[in-house]
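For the sequence shown, the positions run 587 to 836 when the working numbering is used.
For reference, the structure is listed below as structure tokens.
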Amino acid sequence: MTTATANTRPRKGETIRLWRALALPGSIATWLESLSAGGRAQPYIDRAARFVNHCATDATTDRVRKDWRAVSAAPKRGADAPELAVFMALPDDVTFNPHARLYGARRLDADIIKIERKRYVLQREHAQAVIKALANDGARVLLQDASATPTARALAAEFRAEHLGPLKAGLRALDNLLATIEPAAKVPTDHPFKANAEQSIFANLVADLNRHLPGPQHAALVRLAKVNCPAARITPSQVRMAWNRANERT
587 MTTATANTRP
597 RKGETIRLWR
607 ALALPGSIAT
617 WLESLSAGGR
627 AQPYIDRAAR
637 FVNHCATDAT
647 TDRVRKDWRA
657 VSAAPKRGAD
667 APELAVFMAL
677 PDDVTFNPHA
687 RLYGARRLDA
697 DIIKIERKRY
707 VLQREHAQAV
717 IKALANDGAR
727 VLLQDASATP
737 TARALAAEFR
747 AEHLGPLKAG
757 LRALDNLLAT
767 IEPAAKVPTD
777 HPFKANAEQS
787 IFANLVADLN
797 RHLPGPQHAA
807 LVRLAKVNCP
817 AARITPSQVR
827 MAWNRANERT
């Protein structure tokens, strides 16, 4: 059998036998072999490498296999390979911005969220000021003065004919949008300003993996998540509470 070392980094072309023998269920190994190297596939290849490296150097290989079996058992009706869904969604880092690919790879922390909130409040005030300026006699006076200005006369006619109505509607829509934006919504935790927010976020992400399973597997998911991200400091109890909170909202 092919063996691996602590520096193993499986890439396209390695056998499914290596993936399965060391760390991963067959469905995951087969899916990994189907990927093209590099690009979007690389995060999954790196994720698999962490499991291979762990199981090549750690005595808990059997425990990892048992945990994969726990999340592989009894898939939901109509669903295939729940372990593959779990593998694809495993969080890789303890971070304040785990959804950077969806919402932008920018620096994000509690202080920045506070700054963003203030920014949207200020932007809404500016939008409301323009709405007020164009309301009632505001637009009429503006266009009268523009029509009396030779260099602005043509622009005034164009603005009145093509832009005034859409501008008013757009500003009202912008006002409503700015009133409802919550910068903290992209951070999956109810307490983004806590000192250990990153660990709380990680626990919520792990808890959410249960939605791929017919029943919760908190302990197995925590152990698998820690193999993938040793920096995680979460417990099955924390994940269980996060899962229960999420279900209370639905």
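Glycine is no exception: its CB is placed at the ideal position from the N, C-alpha and C atoms.
Would residue i pass as a contact of residue j if the rule is Cβ separation under 7 Å?
i	j	result
Ala818	Ala811	yes
Ala713	Leu753	no
Asp695	Phe682	yes
Val680	Glu669	no
His685	Val813	no
Ala806	Asp653	yes
Arg726	Ser733	no
Whole angstroms is fine: what's the gap from residue i's alpha carbon to residue j's?
i	j	result
Thr594	Asp644	Low per-residue confidence applies at Thr594: pLDDT is 47, beneath 50, and the placement is therefore not dependable, though the value from the model is reported in the following sentence. Going by the C-alpha atoms only, they are around 14 Å apart.
Lys878	Val808	Outside the modelled stretch of the chain, which goes from 587 to 836, sits residue 878, for which no answer is possible.
Arg710	Ile717	10 Å
Ala781	Arg655	35 Å
Ala828	Asn790	6 Å
Phe779	Ser786	11 Å
Gly724	Ala755	16 Å
Leu621	Phe637	18 Å
Ala743	Leu763	30 Å
Ala590	Ala783	Confidence at Ala590 is low in this model, with a pLDDT of 41, below 50, so its placement is unreliable and the value that follows should be read with caution. Rounded to whole angstroms, Ala590 to Ala783 spans 36 Å at the Cα level.
Gly599	Ala615	Because the pLDDT at Gly599 is just 49, under 50, the model does not fix this residue reliably, and the value given afterwards should be weighed accordingly. About 12 Å.
Pro629	Asp678	9 Å
Ile699	Leu688	17 Å
Val650	Ala759	51 Å
Thr588	Ala642	Caution applies to Thr588, whose pLDDT of 39 falls short of 50 and renders its modelled position unreliable; the value that the coordinates give is listed next. Taking the straight line joining both Cα atoms gives about 11 Å.
With DSSP as the reference, label residue i as helix, strand or coil.
i	result
Arg705	helix
Ser620	coil
Thr588	Note that Thr588 has pLDDT 39, beneath the 50 cutoff, so the model's placement of it is unreliable and the number below is only indicative. Residue state, collapsed to three classes: coil.
Ala609	coil
Asp648	helix
Asp679	coil
Gly801	coil
Phe779	coil
Arg693	coil
Val792	helix
Within 10 angstroms of the Cβ of residue i, are there 16 or more other Cβ atoms? Answer buried if so, exposed if not.
i	result
His798	buried
Ala793	buried
Arg692	exposed
Ala675	exposed
Thr555	As displayed, the chain neither begins before 587 nor continues past 836, which places residue 555 out of reach and without an answer.
Asn830	exposed
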